[in-house]
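Each remark here refers to the structure printed beneath this line.
Protein chains: 2
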Amino acid sequence: MAIKKIGNQTLVFANPPKVISAYSIVGPKEGQGPLKDWFDEILNDDMFQEKTFEKAESKMLRNAIIAALKNCNKTPEDIDFMLGGDLLNQLMSTSYTAREMNIPFFGLYGACSTMTESISLASIIIDGGFADHVIASTSSHFSTAERQFRFPLEHGNQRPPTAQWTVTGTGAVVLASVGNGPMVTHITVGKVVDFGITDANNMGAAMAPAAVDTIYLHLKDTGRSPDFYDMILTGDLGEVGKEIVIDLLSEKGFDVSNVYNDCGVMIFDSEKQDVHSGGSGCGCSASVFCGHIYKRMLKKEIKNVLLISTGALLSTISTQQGESIPGIAHAVAFSIA
Amino acid sequence: MAIKKIGNQTLVFANPPKVISAYSIVGPKEGQGPLKDWFDEILNDDMFQEKTFEKAESKMLRNAIIAALKNCNKTPEDIDFMLGGDLLNQLMSTSYTAREMNIPFFGLYGACSTMTESISLASIIIDGGFADHVIASTSSHFSTAERQFRFPLEHGNQRPPTAQWTVTGTGAVVLASVGNGPMVTHITVGKVVDFGITDANNMGAAMAPAAVDTIYLHLKDTGRSPDFYDMILTGDLGEVGKEIVIDLLSEKGFDVSNVYNDCGVMIFDSEKQDVHSGGSGCGCSASVFCGHIYKRMLKKEIKNVLLISTGALLSTISTQQGESIPGIAHAVAFSIA
Chain P
153 MAIKKIGNQT LVFANPPKVI SAYSIVGPKE GQGPLKDWFD EILNDDMFQE
203 KTFEKAESKM LRNAIIAALK NCNKTPEDID FMLGGDLLNQ LMSTSYTARE
253 MNIPFFGLYG ACSTMTESIS LASIIIDGGF ADHVIASTSS HFSTAERQFR
303 FPLEHGNQRP PTAQWTVTGT GAVVLASVGN GPMVTHITVG KVVDFGITDA
353 NNMGAAMAPA AVDTIYLHLK DTGRSPDFYD MILTGDLGEV GKEIVIDLLS
403 EKGFDVSNVY NDCGVMIFDS EKQDVHSGGS GCGCSASVFC GHIYKRMLKK
453 EIKNVLLIST GALLSTISTQ QGESIPGIAH AVAFSIA
Chain H
153 MAIKKIGNQT LVFANPPKVI SAYSIVGPKE GQGPLKDWFD EILNDDMFQE
203 KTFEKAESKM LRNAIIAALK NCNKTPEDID FMLGGDLLNQ LMSTSYTARE
253 MNIPFFGLYG ACSTMTESIS LASIIIDGGF ADHVIASTSS HFSTAERQFR
303 FPLEHGNQRP PTAQWTVTGT GAVVLASVGN GPMVTHITVG KVVDFGITDA
353 NNMGAAMAPA AVDTIYLHLK DTGRSPDFYD MILTGDLGEV GKEIVIDLLS
403 EKGFDVSNVY NDCGVMIFDS EKQDVHSGGS GCGCSASVFC GHIYKRMLKK
453 EIKNVLLIST GALLSTISTQ QGESIPGIAH AVAFSIA
């Protein structure tokens with residue numbers, strides 16, 4: 153049987169799933185950044201009336217999913233599957249959200265690549281004929297990630313210039329076999345790539361080679377030039393990783409500089425907001441896609457977008473054991489007619 | 153478009169993916185249990201010549217995948233996707249294994265439900281026409297899980313009778329669109345179910361309601377009676393959870409007592425091996441399926457098996473914050489002609 157794959161690792165959808173709804177919620181700091189007018193909801197307080205940051209993150213995710221469903225007049229009963237994950241150990245935010253939703257659930261972990269991992273698998277499920285409606289979602293929260301991966305918040309540690317700021321944000325999309333909205337036409341599923349970076353304060357550099365590998369293969373597999381896309385957008389490489397992507401792709405013969413940006417660079421004003429190299433976290437590409445890109449696609453301001461969420465697959469234990477940081481990046485090609 | 157779903161949440165495969173290869177590796181304690189003659193490989197030392205337990209777990213997983221590939225004369229280049237996860241924060245064992253394999257990778261987290269979650273998504277990908285060969289795998293290790301979820305190993309804490317013993321073990325299967333071996337005919341994807349259990353030393357009771365929900369829906373969706381199956385097998389509920397499953401399914405009108413067992417009960421001799429309620433961990437259902445069930449199916453001793461790996465979606469943080477333990481269970485129906 154001929155499988156629906158072109159080139160090396162890109163899948164093509166015969167009946168492209170449509171993003172029929174998307175919703176984004178971000179924290180106060182993200183709500184003061186350059187994209188502030190695009191997000192669906194901005195929290196005044198990143199505790200979101202909860203007792204812990206973890207419960208706040210979970211509430212943010214739950215509310216985004218409920219709002220995304222409402223926007224397309226669906227209820228949880230209409231949804232065949234929910235796919236998603238977050239940065240917290242054992243996917244705490246997503247697991248507790250899935251408990252409330254009562255929808256058959258696949259938990260995913262791709263670090264900050266989770267948004268495009270979720271959309272990729274959701275699209276396979278729909279185009280394969282196994283579902284009409286699937287939710288794909290993810291979240292991150294500065295305070296939950298910081299205290300899990302780095303230091304207690306009370307510690308107030310100094311951050312080097314290469315460090316990034318975990319976005320407090322969430323994005324949820326409803327993908328459907330039939331409907332209106334940006335279509336998922338292709339996905340390029342990433343391999344784990346590790347160039348030996350061991351500095352957990354330089355995740356952009358650790359993830360950039362994975363992004364380059366996936367973007368390069370996507371362009372090669374599809375035969376598209378970078379200019380086919382109105383935007384090629386990585387998830388959360390920040391300023392440092394963004395430069396590496398442009399340089400490495402240029403070495404491989406692709407000049408992406410006209411169309412390429414990074415969600416982590418776009419979401420904050422790095423100088424005014426003291427975020428050093430930019431934003432990071434699963435919620436970064438999720439909220440920028442759902443808040444900004446999706447709406448610009450609906451307005452037909454941009455018609456073809458390649459989104460590449462980028463993940464750093466490190467843990468505190470792997471860092472303590474001297475391991476380098478493996479990266480992964482999954483690309484999703486969206487088009488609107 | 154009519155989707156390939158029957159009843160409420162069961163998918164049917166038109167071209168059932170085949171398990172063309174499976175490989176299991178277990179630790180020394182599992183290698184002294186009742187299934188010792190079935191496993192493909194038994195370690196003499198659970199450090200596996202590595203410097204840390206985490207690296208040993210990752211090596212066990214990597215070796216199982218390499219051996220599973222060898223058994224069916226495949227190389228990593230023949231494999232379209234690798235799916236899997238483990239219990240460690242940020243899927244440390246699986247991420248580092250994926251780095252070595254160089255295969256497009258989807259990381260999953262379903263706690264101990266990961267084996268059937270991986271097989272389910274792999275089957276969707278193959279039956280949907282997106283791949284010819286997919287690896288599904290998972291692992292767990294007593295010492296990595298114990299020190300991550302419970303106490304430092306040096307602490308030597310006492311364990312209540314409901315506690316389970318995390319299996320040091322791994323299982324990897326190669327699923328293919330064409331070939332010989334047990335076929336994946338149906339999957340029933342679980343919802344998150346939470347009956348309010350807060351005792352992390354009683355995971356069997358926390359996960360049992362999710363298993364009951366999935367088994368009940370599977371039987372209802374397919375119209376099959378429990379006796380259609382030669383074995384209905386949960387992942388790691390242990391003695392305590394096993395009794396709950398029999399009781400709750402009986403209340404719902406299904407008597408599974410003739411065909412039902414639990415991998416966590418089967419893998420250890422709970423009295424002689426001092427494991428209290430039985431085995432647990434992702435590697436439990438993975439190694440019992442790959443080591444024991446798969447081989448018995450190849451010999452046609454058993455022809456129809458329903459495997460329901462069961463996961464407890466707790467984290468140390470959620471426990472500290474007083475949350476109850478959500479459970480999830482995914483069922484995979486295997487048949488061999």
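If you're matching them up, the sequences are chains P and H in order.
Take the first sequence: its letter number 221 is residue 373 in my numbering, and every next letter is one higher.
Take the second sequence: its letter number 226 is residue 378 in my numbering, and every next letter is one higher.
Positions of the beta carbon are idealized from the N, C-alpha and C atoms, including for glycine.
Computed from a predicted model, the values in this text were never measured in an experiment.
{"Asked": "Extent of the continuous beta strand (DSSP E) to which leucine 134(P) belongs", "Found": "Because chain P spans 153 through 489 in this model, residue 134(P) falls outside it and cannot be assessed."}
{"Asked": "Contacts that alanine 250(H) makes with chain P (C-beta to C-beta distance below 9 Å)", "Found": "Lys343, Val344, Leu465, Pro478, Ile480"}
{"Asked": "Chain-ordered neighbours of alanine 208(P) on chain H, where CB pairs are closer than 8 Å", "Found": "What alanine 208(P) touches in chain H: nothing, since even the nearest Cβ is about 12 Å away."}
{"Asked": "Cβ-Cβ separation, tyrosine 381(H) to valine 457(H) (assumed contact under 8 Å), whole Å", "Found": "6 Å"}
{"Asked": "Contact under 8 Å by Cβ, tyrosine 175(P) with asparagine 223(P)", "Found": "yes"}
{"Asked": "Chain P contacts from the segment 197–223 of chain H (Cβ-Cβ distance under 9 Å)", "Found": "Lys203, Thr204, Glu206, Lys207"}
{"Asked": "Residue from Ala352(P), Tyr446(P), Lys181(P), Asp399(P) with nearest C-alpha to alanine 485(P)", "Found": "Tyr446(P)"}
{"Asked": "Asparagine 254(P): contacting residues in chain H (beta-carbon distance under 7 Å)", "Found": "Lys343"}
{"Asked": "Under 8 Å between C-beta atoms of histidine 428(P) and tryptophan 317(P)", "Found": "yes"}
{"Asked": "Within-8 Å CB hit, glutamate 269(P) to chain H", "Found": "yes"}
{"Asked": "DSSP beta-bridge partners of threonine 162(P)", "Found": "Ile158(P), Thr340(P)"}
{"Asked": "Cβ-based burial, histidine 444(P) [other Cβ within 10 Å; buried from 16]", "Found": "buried"}
{"Asked": "Beta carbon proximity, isoleucine 460(P) to chain H, threshold 8 Å", "Found": "no"}
{"Asked": "Glycine 479(P) - containing beta strand (DSSP E), residue span", "Found": "479–487"}
{"Asked": "Spatial neighbours of proline 312(P) in its chain, beta-carbon cut-off 6 Å, leaving aside the 5 residues before and after", "Found": "Asn353"}
{"Asked": "C-alpha gap between aspartate 351(H) and threonine 340(H), whole angstroms", "Found": "27 Å"}
{"Asked": "CB contact check: aspartate 351(H) to chain P, cutoff 8 Å", "Found": "no"}
{"Asked": "Euclidean distance between Cα positions of glutamate 475(P) and glutamate 206(H)", "Found": "11 Å"}
{"Asked": "Amino acids of chain H, ordered along the chain, whose beta-carbon sits closer than 8 Å to that of tyrosine 261(P)", "Found": "Gly237, Gln242, Leu243, Gly259, Leu260, Tyr261"}
{"Asked": "Partners in chain H for lysine 156(P), counting only beta-carbon separations shorter than 7 Å", "Found": "Gly281, Phe282"}
{"Asked": "Threonine 366(H) (DSSP reduced to helix, strand or coil)", "Found": "helix"}
{"Asked": "Interface flag, leucine 327(H) vs chain P, CB-CB below 8 Å", "Found": "no"}
{"Asked": "Proximity to phenylalanine 294(P) [Cα-Cα], best of Asp421(P), Glu209(P), Ala220(P)", "Found": "Glu209(P)"}
{"Asked": "Residues that DSSP places opposite aspartate 238(P) in a beta bridge", "Found": "Ser291(P)"}
{"Asked": "Rounded straight-line distance, which links the Cα of glutamate 391(H) to that of glycine 308(P)", "Found": "47 Å"}
{"Asked": "Pairwise C-alpha distance: proline 256(H) and glycine 159(P)", "Found": "13 Å"}
{"Asked": "Asparagine 223(H), DSSP secondary structure in three states", "Found": "helix"}
{"Asked": "Selection from Met355(H), Leu213(H), Ser409(H), Met383(H) that minimises the alpha carbon distance to isoleucine 287(H)", "Found": "Leu213(H)"}
{"Asked": "DSSP state of leucine 389(P) mapped onto helix, strand, coil", "Found": "coil"}
{"Asked": "Neighbourhood of leucine 243(P) by C-beta distance below 7 Å, restricted to the same chain and skipping five residues each side", "Found": "Gly237, Gly259, Tyr261"}
{"Asked": "Interface flag, leucine 450(H) vs chain P, CB-CB below 8 Å", "Found": "no"}
{"Asked": "Alpha-carbon spacing of threonine 491(H) relative to leucine 239(H), whole angstroms", "Found": "Only positions 153 to 489 of chain H appear in the structure, and residue 491(H) is not among them; the question remains open."}
{"Asked": "Nearest-angstrom Cα separation, counted from glycine 331(H) out to isoleucine 454(P)", "Found": "45 Å"}
{"Asked": "Pair within 8 Å by beta-carbon distance, valine 178(P) and valine 325(P)", "Found": "no"}
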